[in-house]
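Some notes on the structure that comes next.
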Amino acid sequence: MQGRVAAPIFLSDEERRFLEGQVRRHKVSRSLSDRCRIILLCAEGLPSKTVASQLGVHEHTVGKWRRRFVQDRIEGLTDEYRSGRPRTVSDAQVAEVIKQTLETTPKDATHWSIRSMASATGLSHTTIRRIWNAFGLQPHRS
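Taken in order, the sequence shown gives residues 215 to 356; the numbers are from this note's numbering.
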């Protein structure tokens, strides 16, 4: 019983030169270099299983990049956008920290410390430090 037939890859001379150049370059990311190697071996007519064993990757990885290349050509080898972790501190909270830092002082001190601002706002001390650094705030120097 045979699995799915892998889509054959045919490279233009320009695509082949580009892929071989990416494999040889020193400053290209390792992941892009690996993807280029996968496509070059697939273009030689090797089955995905053979390519995977030669490069030490999973057969599904070879299939993924083969499909992406057939669909989008060279552009398909780049990473897709990833949204990342959602923000946990809103712009309003950042504005409030800045406003409090510049316009008020704590009851028992002459200036805000990171930890006193953190306890007053309910944010973590690392968040306060990031906000102050981002906006160049240094309450102990004002």
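Quick reminder that beta carbons are idealized off the backbone N, C-alpha and C, glycines included.
### Query
Taking DSSP as the reference, what is the three-state secondary structure of D248?
helix
### Query
Are T319 and H325 close, meaning C-beta to C-beta below 8 Å?
yes
### Task
Would you kindly report the start and end of the unbroken alpha helix (DSSP H) that includes I342?
H339 to F349
#### Entry: Beta-carbon proximity of I345 to V308, cut-off 8 Å
yes
### Query
What's the C-alpha gap between L225 and H339?
55 Å
### Message
Does G277 pass the burial test, meaning 16 or more other C-beta atoms within 10 Å, or should it be called exposed?
### Response
buried
### Own chain residues within Cβ distance below 7 Å of R251, not counting five before or after
V237 and L269
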